Amino acid sequence: MTEHIQAIFIRESETRSQPKPHTVYKIEVHAAVRNWIVWKRYSEFAKLNSRFLTIFPKNRPPVPLPSKHIFPSTFSDPDRIEDRRRGLEDYLRGMLSSRDDRWRQTELWKEFLAIPTGRQLDGQAHYTSESWLDEYNAMNSTAREIRSLINKRATHMGRDEISASHNCTMQAKKLLITLSSRTSALESGLTGLANGSFFQGLMSDGELRRRQDMLSTLKDERDTLMRLVNTGRQEQELLYNKPTSQSPTAALQQQKQQQQQRAKETEWTRGLDNGGLLTQQQQLMEDQDQQVEQFSSILSRQRQLGIAIGDELETQSQILDELDGDVGRTQTKLKFASKKLGKIK
Numbered sequence: 001m002t003e004h005i006q007a008i009f010i011r012e013s014e015t016r017s018q019p020k021p022h023t024v025y026k027i028e029v030h031a032a033v034r035n036w037i038v039w040k041r042y043s044e045f046a047k048l049n050s051r052f053l054t055i056f057p058k059n060r061p062p063v064p065l066p067s068k069h070i071f072p073s074t075f076s077d078p079d080r081i082e083d084r085r086r087g088l089e090d091y092l093r094g095m096l097s098s099r100d101d102r103w104r105q106t107e108l109w110k111e112f113l114a115i116p117t118g119r120q121l122d123g124q125a126h127y128t129s130e131s132w133l134d135e136y137n138a139m140n141s142t143a144r145e146i147r148s149l150i151n152k153r154a155t156h157m158g159r160d161e162i163s164a165s166h167n168c169t170m171q172a173k174k175l176l177i178t179l180s181s182r183t184s185a186l187e188s189g190l191t192g193l194a195n196g197s198f199f200q201g202l203m204s205d206g207e208l209r210r211r212q213d214m215l216s217t218l219k220d221e222r223d224t225l226m227r228l229v230n231t232g233r234q235e236q237e238l239l240y241n242k243p244t245s246q247s248p249t250a251a252l253q254q255q256k257q258q259q260q261q262r263a264k265e266t267e268w269t270r271g272l273d274n275g276g277l278l279t280q281q282q283q284l285m286e287d288q289d290q291q292v293e294q295f296s297s298i299l300s301r302q303r304q305l306g307i308a309i310g311d312e313l314e315t316q317s318q319i320l321d322e323l324d325g326d327v328g329r330t331q332t333k334l335k336f337a338s339k340k341l342g343k344i345k
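Following the numbering used here from start to finish, the sequence shown increments by one per residue and tops out at 345.
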């Protein structure tokens, strides 16, 4: 089932530097039950208009697309950008309000505005280069929010605030579900962008690798957050199941025993014999040694940089002292010359 679009607004524009400086326009789509945002470049509007003219050569859109300015460029002129923003808004609104719905019935229109159709969305149709980055940044913010909730949960658990800790866990789990599903959509969307579509040309190999690395980092963060949330949930279950009839001392002892039991078996040590545990411990120690060496190397570079800055400051100080001496001598000569001039007069 396709969403019924009720209104379209383009209220804002934004200048971006990646992959090269350009301007994008924020399209706000208001439907019957939900609203969403799509960012588009002028070139994407031009492709849409060109395609419409090819499909309907005898029926132009009700409102013409704003013309493109080469000299001077619109990019560096805020007034021209504002005029283009209004023109693009009128262009879309003209097709939306027209009694002739031939444009609105095309897949081009639905793809351009990212209108949900009730079927599985194709990654090529769902994302443009800019909208993919917007979605990635939104998921990064969601991951940071989940980590913040996990930190808050730890604080509440330390204060024995069980209810508040449980609420943080539930909120984090809800956000994790959203993060997982939308990360999968980002992955399929990147595949679509790599293959190219009508509104988005082929992505360069360098940009594709960069985005693959970004997505891999996001997926690693998602997996880490899942482990943290599940670990905290197990601790909360132990606290909830703690008998209330026990004395504080007995309850504390039982909690310590449970912690000791949990320390014996973790997801990393389960299934390992003594040799495997020893090997794992040695590997952890080697990793820590490597981190210490890297930190030492960083400190050494910082020390060298500090020494170089100190030498430069000392040189500049000497230059300033010499300049001060030259200024003093010049002032003395000027005074002597002024006295001579006074005698001559």
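From the three backbone atoms N, C-alpha and C, an ideal C-beta is built for every residue, glycine too. All of these numbers come straight from a predicted model, not from anything done at the bench.
- Inclusion of Glu12 and Lys26 in the CB contact set at 7 Å is warranted, their separation being smaller than that value.
- For Glu145, the enclosing alpha helix (DSSP H) begins and ends at 129-158.
- Under DSSP, Tyr91 takes part in no beta bridge, so it has no partner.
- In the DSSP secondary-structure assignment, Tyr25 is bridged to Ser13, Lys40.
- Note: Ala114 is not bridge-paired with any residue in the DSSP secondary-structure output.
- For Leu225, the CB contacts under 8 Å within the same chain, skipping 5 residues up- and downstream, are Ala143, Ile146, Arg147, Ile150, Ala172, Leu176, Leu179 in chain order.
- Within a 10 Å sphere around the beta-carbon of Val33 sit fewer than 16 other beta-carbons, which makes this residue exposed.
- In this structure, Trp36 lies away from Val24, with their beta-carbon atoms at least 7 Å apart.
- Only exposed fits Met285, as fewer than 16 other CB atoms lie within 10 angstroms of its CB.
- In the structure shown, Gln18 adopts coil according to DSSP, grouped into three states.
- Under the DSSP definition of a beta bridge, Asn167 lacks any partner.
- Annotated three-state conformation of Ala194 is helix, per DSSP.
- Our two residues, Asp160 and Gly192, have alpha carbons roughly 48 Å apart in a direct line.
- Asn59 carries a coil assignment under DSSP once its states are collapsed to helix, strand and coil.
- For Pro21, the number of other beta carbons within 10 angstroms of its own is below 16, and it is reported as exposed.
- DSSP lists Ala7, Asn35 as the beta-bridge partner residues of His30.
- Pairing Asp289 with Gly310, the inter-Cα distance amounts to about 31 Å.
- Less than 7 Å separates the beta-carbon of Leu208 from that of Ala194.
- With respect to the C-alpha of Asp223, the residue from Ser204, Asp213, Gln212, Thr183 having the closest C-alpha is Thr183.
- Here Arg85 is near Ile10, since their CB atoms are less than 7 Å apart.
- With contacts defined by Cβ atoms closer than 7 Å, Gly94 and Pro62 form a contacting pair.
- For Arg303 and Leu313, the gap between their C-alpha atoms comes out near 15 Å.
- Arg41 and Ser297 have their C-alpha atoms some 45 Å from each other.
- Within the same chain, Thr183 come within 7 Å of Lys219 by CB-CB distance, once the 5 residues on both sides are set aside.
- With 16 or more other Cβ atoms inside 10 Å of its own Cβ, Ala114 counts as buried.
- Here the alpha carbons of Ser141 and Ser97 stand approximately 36 Å from one another.
- Taking the Cβ atoms as the reference, Glu135 lies roughly 22 Å from Leu92, outside the contact range of under 8 Å.
- Between the beta-carbon of Asn59 and that of Arg104 there is about 13 Å, and that puts the pair past the 8 Å contact cut.
- In this structure, Phe112 lies near Leu48, with their beta-carbon atoms less than 7 Å apart.
- Residue environment for Val327: exposed (fewer than 16 other C-beta atoms within 10 angstroms of its C-beta).
- By the neighbour-count definition (other C-beta atoms within 10 Å, threshold 16), Glu107 is an exposed residue.
- When the five nearest sequence neighbours on each side are left out, the beta carbons in the same chain lying within less than 8 Å of the beta carbon of Met139 are those of Leu179, Arg182, Thr183, Leu186, Leu218, in order along the chain.
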